[in-house]
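Participant: Taken in sequence, the protein lines are chains A and B.
Reading the first sequence from the start, the letters are residues 1 to 336 in the working numbering.
Reading the second sequence from the start, the letters are residues 337 to 507 in the working numbering.
For each residue, glycine too, the CB sits at the ideal point set by N, CA and C.
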Amino acid sequence: MEEKIAAARFDDAVQNLGKLTRCLNLSISTKARVQEIRLRIDKPVVLSLPEGPLFITKFGTPAVLPREGLLCASRDSIDEAFRLICECSVHSHQREIKNGFVTIRGGHRAGICGTAVTEGRTITNIRDISSINLRIARDIKGAADGVVKAIVSHGSVCGTLIFGPPGCGKTTVLRDLARRLSLGSLFGKIHRVAVVDERGEIAATYHGKPQNDLGPCCDVLDGYPKGEGIMQAVRSLSPDVVICDEIGGEEDEKAVELSLNAGVAVIASAHAGSAAELLTRPQTARLLNSGAFKLAIKLAGKENPGKVEHVYTLESLQQFRMNYNNARIGKDIRSA
Amino acid sequence: MTLKYAGIAVFIFTCTAAGFMKSLSLSRRVKELETFISALSFIATEIRYFASPTPVIISKIKSKEEYAGLHVFEICEKNLLTTHDFKKSWTSALDASKQYLSLDAGDIETLKCFGNTFGTTDIEGELANCEHYINSMKVRLESARIDKTKRGRMYSSLGLLTGVLIAAVLI
Chain A
1 MEEKIAAARF DDAVQNLGKL TRCLNLSIST KARVQEIRLR IDKPVVLSLP EGPLFITKFG
61 TPAVLPREGL LCASRDSIDE AFRLICECSV HSHQREIKNG FVTIRGGHRA GICGTAVTEG
121 RTITNIRDIS SINLRIARDI KGAADGVVKA IVSHGSVCGT LIFGPPGCGK TTVLRDLARR
181 LSLGSLFGKI HRVAVVDERG EIAATYHGKP QNDLGPCCDV LDGYPKGEGI MQAVRSLSPD
241 VVICDEIGGE EDEKAVELSL NAGVAVIASA HAGSAAELLT RPQTARLLNS GAFKLAIKLA
301 GKENPGKVEH VYTLESLQQF RMNYNNARIG KDIRSA
Chain B
337 MTLKYAGIAV FIFTCTAAGF MKSLSLSRRV KELETFISAL SFIATEIRYF ASPTPVIISK
397 IKSKEEYAGL HVFEICEKNL LTTHDFKKSW TSALDASKQY LSLDAGDIET LKCFGNTFGT
457 TDIEGELANC EHYINSMKVR LESARIDKTK RGRMYSSLGL LTGVLIAAVL I
């Protein structure tokens, strides 16, 4: 059943790529495992699966290795896909295009790259789109089981930072967590949840309606910049929990501090391949130092999306930091 | 004899009606151009305040009573569902609704040009585009108004006179 739903999500996402991917002849199990579809101008169409890339022949069948007769993306097909992704409305997506991605109906995210149009050092637009990477959104109920277990063992819903490498299921976990908190399946209490969905990936709001089920007590701040969204949620929605994706900017830091002072728990995700990376990156290090996060949960890699690899409490993270710094100093001394 | 007079009456009526219809089409063209200008202003407002996507804008216009007579937005919305291409949808909607409209070929061409670029640029570009086509349509509206005043009465009178002339010849 879940496989069928995942395959249907694939079909839904593929519709946004136009004629090129209409001839795909894939089994349900393959469709269900596809994480990304990559189009590159004059290059073969590539599907990303947990076990590795998969190419497509001109007949729509899968091929494991690159060879002759593969389905390639032409300039026209890239342009068509871009037009469909933007719904013939570049003006509605100009901020997203500038940031290199567009969220589409169903919550799928299309990463785009081409030639940057700049003003000074700021990117104002992207022209001559050359690649599109469509990441298929997954709404997996139960994806946050591991994270929920960690939070429950902590004793209360607290500030939690979920981190891991790209594709490890951070957004999927956040989505499931939002639904479970809002449904009252954690500690038997219905939590008021505010989701600050800057990229539209958690709720996948389309024409004002979230496409993903986030439970009955969830407010979605769709398209708000994270920092501003967190502040507005704390000020006006009086949530118990604020959930947001990919935190790390300067504004985010201030907003997280504000929510800490207001007694609102922030559950967020961050890109970091390891705890060391999390601690050495100035933005995430500052966030952890603010005291807003009592737990830092490391997710395993792309192979096991949503699986918890390690749970750090504030104390264990501090211990880790000390050991890491000592090791670094020792290394520096040795190299000197 | 009665048949002859009845025939003459039919001639007079037909010619007068033809003249009147021609004159009416000039009035309708003015009204339609005004409505299209208003629709373009509505589009500009939707983009400026809400950055609404194209299908949403078209759907909103379609559901407004004041634009219902134009048909083009209704057809365009339907086309968009199948083609997902605004340029194609708009062009074919204009071609399909031409029969209901009193616009001349130049008006239709201007509207088609609007559709060629709509949805392909940022907010500033779209607003500039809307303004450009509003101005173009206003120029056409002015000439349509002049046409209506100058030729409207002429067509009505000409229709009646033609009818009378034919009647006189027949008598």
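Considering only the alpha carbon of each residue, which of 303/A, 335/A, 289/A lies closest to residue 313/A?
Facilitator: For residue 313/A, the nearest C-alpha among the options comes from 289/A.
Participant: Taking only beta-carbon positions, decide if residue 211/A is within less than 8 Å of chain B.
Facilitator: It does not: the Cβ of residue 211/A has no partner Cβ on chain B nearer than 8 Å.
Participant: Check whether the Cβ atoms of residue 362/B and residue 469/B sit closer than 8 Å, and answer yes or no.
Facilitator: No, they are not a contact pair.
Participant: Work out the CA separation of residue 9/A and residue 137/A for me, nearest whole Å.
Facilitator: Roughly 7 Å separates the two Cα atoms.
Participant: For residue 245/A versus residue 269/A, is the C-beta spacing smaller than 8 Å?
Facilitator: Yes, the Cβ-Cβ distance between residue 245/A and residue 269/A is below 8 Å.
Participant: Locate the alpha helix (DSSP H) running through residue 266/A, then write down its first and last residues.
Facilitator: First-last for residue 266/A: 265–271, but that is the beta strand (DSSP E), not the alpha helix (DSSP H).
Participant: Round the Cβ separation of residue 147/A and residue 297/A to the nearest angstrom and send it over; I've been treating them as touching at under 8 Å.
Facilitator: Right, the Cβ-Cβ distance comes to about 6 Å (below 8 Å), so this counts as a contact.
Participant: Say whether the segment 48–62 of chain A touches the segment 77–92 of chain A, bearing in mind that this needs 3 or more beta-carbon pairs closer than 8 Å, one atom from each stretch.
Facilitator: Result no; under three Cβ-Cβ pairs closer than 8 Å.
Participant: Give the single residue among 308/A, 316/A, 320/A, 333/A whose Cα lies nearest to the Cα of residue 145/A.
Facilitator: It is 308/A.
Participant: Residue 386/A versus chain B: which residues are under 7 Å apart at the beta carbon?
Facilitator: Since the first residue shown for chain A is 1 and the last is 336, residue 386/A is missing from the structure and cannot be characterised.
Participant: Whose C-beta lies closer than 6 Å to the C-beta of residue 436/B among residues of the same chain, with five residues either side of it excluded?
Facilitator: Counting only Cβ-Cβ distances below 6 Å, and skipping sequence neighbours, we find 407.
Participant: Report the rounded CA-to-CA distance for residue 319/A versus residue 253/A, giving the unit in angstroms.
Facilitator: Using only the alpha carbons, I get a separation of about 23 Å.
Participant: Need the endpoints of the beta strand (DSSP E) that residue 163/A sits in, please.
Facilitator: First-last of the beta strand (DSSP E) with residue 163/A: 160–164.
Participant: Could you check what DSSP says for residue 392/B in three-state terms: helix, strand or coil?
Facilitator: In the structure shown, residue 392/B sits in a helix (DSSP, three-state: H, G or I).
Participant: Rank 133/A, 23/A, 65/A, 2/A by C-alpha distance to the C-alpha of residue 35/A and give the top, closest one.
Facilitator: Taking only the C-alpha atoms, the option nearest residue 35/A is 133/A.
Participant: How far does the beta strand (DSSP E) with residue 238/A in it extend, from its first residue to its last?
Facilitator: No beta strand (DSSP E) holds residue 238/A; DSSP gives it neither H nor E.
Participant: Please name the residues in the segment 400–430 of chain B whose beta-carbon is closer than 9 Å to at least one beta-carbon of chain A, in chain order.
Facilitator: Taking 9 Å as the Cβ-Cβ cut-off against chain A, the residues of the segment 400–430 of chain B that qualify are 416, 420, 421, 422, 423, 425.
Participant: Which runs of the alpha helix (DSSP H) spanning at least 4 residues fall entirely within the segment 397–454 of chain B, listed in chain order?
Facilitator: Runs found: 408–419, 422–433, 441–453.
Participant: In the DSSP assignment, the beta strand (DSSP E) including residue 109/A goes from what residue to what residue?
Facilitator: Start and end: 109–119.
Participant: Quick one: what's got a C-beta closer than 8 Å to residue 70/A's C-beta in the same chain, skipping five residues either side?
Facilitator: Closer than 8 Å at Cβ, skipping near neighbours: 44, 45, 55, 56, 57, 58, 63.
Participant: Going by DSSP, name the residue or residues bridged to residue 36/A.
Facilitator: The partner list for residue 36/A (beta bridge, DSSP) reads 48/A, 135/A.
Participant: Within 8 Å, do at least three Cβ pairs link the segment 484–500 of chain B to the segment 387–407 of chain B?
Facilitator: With a cut-off of 8 Å, the segment 484–500 of chain B and the segment 387–407 of chain B do not count as touching, because too few Cβ pairs lie within range.
Participant: Starting from the beta carbon of residue 383/B, find every residue of chain A whose beta carbon is closer than 7 Å, and list them in chain order.
Facilitator: Per Cβ cutoff of 7 Å: 91.
Participant: Take residue 412/B and list the residues in its own chain whose beta-carbon comes closer than 6 Å to its own, dropping the five residues that flank it on each side.
Facilitator: Hits under 6 Å: 394, 425, 426, 429.
Participant: Apart from the five residues on each side of it in sequence, which residues of its chain come closer than 6 Å, Cβ to Cβ, to residue 499/B?
Facilitator: Contacts found: 347, 348, 351, 352.
Participant: With 9 Å as the C-beta to C-beta threshold (strictly closer), list the residues of the segment 116–127 of chain A near chain B in chain order.
Facilitator: Per Cβ criterion, the list reads 124, 125.
Participant: Quick one: what's got a C-beta closer than 6 Å to residue 477/B's C-beta in the same chain, skipping five residues either side?
Facilitator: Taken in chain order, the residues that qualify are 369.
Participant: How do the segment 151–158 of chain A and the segment 114–133 of chain A stand: do at least 3 beta-carbon pairs fall below 8 Å, yes or no?
Facilitator: No, the segment 151–158 of chain A is not in contact with the segment 114–133 of chain A.
Participant: Quick one: any contact between the segment 192–199 of chain A and the segment 276–289 of chain A, if contact means 3 or more CB pairs under 8 Å?
Facilitator: These segments do not touch.
Participant: Let me make sure I understand the geometry here. Which of 373/B, 344/B, 345/B has the alpha-carbon closest to that of residue 450/B?
Facilitator: That would be 373/B, whose Cα lies nearest to the Cα of residue 450/B.
Participant: Drop a sphere of 10 angstroms on the beta-carbon of residue 340/B, count the other beta-carbons inside from all chains shown, and report buried for 16 or more, exposed for fewer.
Facilitator: Flag for residue 340/B reads exposed.
Participant: For residue 3/A, which residues from the same chain have a beta carbon less than 7 Å from its beta carbon, with the 5 sequence-adjacent residues on both sides left out?
Facilitator: Cβ within range, chain order: 28, 29, 32.
Participant: Roughly how many whole angstroms lie between the Cα atoms of residue 342/B and residue 506/B?
Facilitator: One C-alpha to the other measures close to 12 Å.
Participant: Identify the contact partners of residue 207/A in chain B, using a Cβ-Cβ distance below 8 Å as the criterion.
Facilitator: Per Cβ cutoff of 8 Å: 392.
Participant: For residue 94/A, which residues in chain B fall below 7 Å Cβ to Cβ?
Facilitator: Under the 7 Å cutoff, chain B gives 458, 459.
Participant: Could you tell me if residue 280/B is buried or exposed, where buried requires 16 or more neighbouring beta carbons within 10 angstroms of its beta carbon?
Facilitator: This structure cannot settle anything about residue 280/B, because the visible part of chain B is limited to 337 through 507.
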